[in-house]
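Asks:
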Amino acid sequence: MEEKKSKVTLHGTWISPYSKRVEIALKLKGILYEYVEEDLQNKSESLIQLNPVHKKIPVLVHDGKPVAESLVILEYIDETWMNSPRFFPEDPYERAQVRFWVSYINQQVFEVTGQIMFQEGEAQAKSVEEARKRIKVLDEGLEKHFPNKNIRENDDVGLLEIIIIATFGVHKAHREEIGVEIISPVNTPTLYNWIERLQDLSVVKEVEVPHDKLVNLIQNYRQKCLQQAANA
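In this text, residue positions in the sequence shown follow our numbering: the first is 28, and each later residue adds one.
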């Protein structure tokens with residue numbers, strides 16, 4: 028008798044780095060899934076019912092059971108599908124370092140880098156300076172705590188690598204549209220190299236947003252936000 032296959036559905040949006048985290052994780056584990064594109068300006072009843080607390084994406088539905096919040100989903104995936112790659116190192120100290128730097132990216136880096144896109148002039152210059160400082164700290168942390176990290180195939184990717192590529196994989200598109208370089212091979216070489224090697228992996232290529240489409244979206248969204256701020 029054949030084993031019944033699990034039904035997996037991901038509710039997300041194509042531009043969201045939080046959705047990308049989950050897509051990459053599912054691809055890494057070789058999990059077949061259905062993808063549902065959500066319009067966050069007109070949220071579906073399904074999304075609201077599946078995530079009634081936050082009413083946000085991503086939501087993973089596994090055999091009818093919804094799991095919300097990207098980091099919670101990633102841990103759920105790793106604990107449910109225990110095949111390689113595993114998202115956490117076996118060593119407790121290394122696991123602690125992974126959790127620390129994931130938290131640092133979420134709490135100290137992601138917000139300030141996101142602000143830059145919607146700013147101009149002095150306000151933007153201050154955010155750029157702060158973002159560079161924080162990303163430099165991340166770069167030094169990666170070099171110190173993961174000095175021998177190799178990223179050559181899917182099995183080399185864990186939780187921290189997923190967060191890094193989903194968060195910073197679009198940095199060149201941001202630079203092209205906004206004219207500001209935050210991550211570079213000179214100032215943040217370790218982080219830059221991690222991103223470059225991760226982008227070479229087939230699982231990342233499968234879910235990455237086309238560069239021109241992303242630049243166009245950033246341009247339109249930035250202009251809209253700046254215009255709204257000017258009219259406020």
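Using N, Cα and C, we set each Cβ at its ideal position, and we do this for glycine too.
Report the option in Phe195, Pro85, Glu223 whose CA atom is closest to the CA atom of Glu180.
Replies: Indexing the sequence shown from 1 puts residue 180 at position 153. For the residues Phe195, Pro85, Glu223, the minimum Cα distance to Glu180 belongs to Glu223.
Asks: Check the C-beta distance from Gly168 over to Trp221 and give it rounded, since I have them as a contact under 8 angstroms.
Replies: Locating residue 168 in the sequence shown gives position 141, where the first residue counts as 1. Locating residue 221 in the sequence shown gives position 194, where the first residue counts as 1. Their Cβ separation, rounded to whole angstroms, is 12 angstroms, which puts Gly168 and Trp221 out of contact at 8 angstroms.
Asks: Taking only runs of the beta strand (DSSP E) that begin and end inside the region 86-143, which ones reach a length of at least 3 residues, in chain order?
Replies: 86-89, 92-95, all fully within the region 86-143.
Asks: Provide the residue(s) that pair with His38 in DSSP beta bridges, ordered along the chain.
Replies: For the purposes of this step, residue 38 is identified with residue 11 of the sequence shown, where counting begins at 1. According to DSSP, which records beta bridges pairwise, His38 is partnered with Val63, Val86.
Asks: Taking the alpha carbon of Thr107 as the point to measure from, which residue in Ala52, Glu157, Arg161 has its own alpha carbon closest?
Replies: Within the sequence shown, numbered from 1, the residue matching residue 107 stands at position 80. Closest option to Thr107, Cα to Cα, is Ala52.
Asks: DSSP state of Gly148, grouped into three classes?
Replies: Reading the sequence shown from its first residue, position 121 is the one you call residue 148. Three-state DSSP puts Gly148 in a helix.
Asks: From what residue to what residue does the alpha helix (DSSP H) around Glu188 run?
Replies: What you label residue 188 is simply residue 161 of the sequence shown in a count that begins at 1. That run of the alpha helix (DSSP H) goes 186-195.
Asks: Going by beta carbon distance, what residues of the same chain come within less than 8 angstroms of Trp41, once the five residues before and after it are set aside?
Replies: The residue given as residue 41 occupies position 14 in the sequence shown. Taken in chain order, the residues that qualify are Glu64, Val236.
Asks: So does the region 237-245 actually touch the region 180-195, counting three or more Cβ pairs closer than 8 angstroms?
Replies: No, the region 237-245 is not in contact with the region 180-195.
Asks: Could you spell out where the alpha helix (DSSP H) holding Glu233 opens and where it closes?
Replies: Sequence index remark: in the sequence shown, residue 233 carries index 206 (1-based). Note, Glu233: alpha helix (DSSP H), 229-234.
Asks: Closest to Val231 by CA distance: which of Asn175, Leu37, Pro44 is it?
Replies: Position 204 of the sequence shown, counted from the start, is the residue given in the question as residue 231. Out of Asn175, Leu37, Pro44, Pro44 has the C-alpha closest to the C-alpha of Val231.
Asks: Going by alpha carbons, who is nearest to Pro93 out of Gln124, Val155, Leu74?
Replies: Mapped onto the sequence shown, residue 93 falls at position 66. Among Gln124, Val155, Leu74, the Cα nearest to that of Pro93 is on Leu74.
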